[in-house]
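First residue of the sequence shown? That's 272 in the working numbering, and the numbers climb one at a time after it. Glycine is no exception: its CB is placed at the ideal position from the N, C-alpha and C atoms.
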Amino acid sequence: MILCKVLGSVYSTKKNRNFEGYKIMLVREITPDGKFKGKPFLAIDATDSGKNDTVLVIKDGGSLQIITKSKEIPENAIIAGVVDQLNIEVRNE
């Protein structure tokens with residue numbers, strides 16, 4: 272799983288029938304302290320997340336198939352959780 276920030280929703284007038292019932296969100300990976308890293312990418316939303324939410328994304332087609340119960344969705348990233356709070360414990364080792 273990777274920590275991401277939702278940048279917004281993707282809307283289309285026509286989409287693959289297998290995407291029906293799912294929102295497609297534009298997300299970007301973040302560091303634990305909230306800084307962006309990498310490039311934005313698309314993810315299927317299984318959590319009803321919204322813009323600016325911090326989310327947990329799984330980038331694995333097998334996990335997407337298990338969560339959506341479909342082998343027909345042509346995508347490999349899914350939002351599997353919305354982060355309510357992030358606690359970071361720093362240890363000096």
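Can you say whether Met272 is buried or exposed, counting buried as having 16 or more other CB atoms within 10 angstroms of its CB?
Answer is exposed; the Cβ neighbour count stays below 16.
Cβ of Val281 within 9 Å of Cβ of Ile350?
The answer is no: Cβ separation not under 9 Å.
Is the closest heavy atom of the ligand MG to the C-beta of Glu360 under 8 Å?
The model depicted lacks the ligand MG and carries no ligand whatsoever.
Throw me the rounded Cβ distance for the Ile301 and Lys294 pair, which I believe falls under 8 Å.
Wrong, their Cβ atoms sit about 20 Å apart, outside the cutoff.
Going by Cα to Cα distance, which pick from Lys330, Asn363 and Arg362 is closest to Gly352?
Taking only the C-alpha atoms, the option nearest Gly352 is Lys330.
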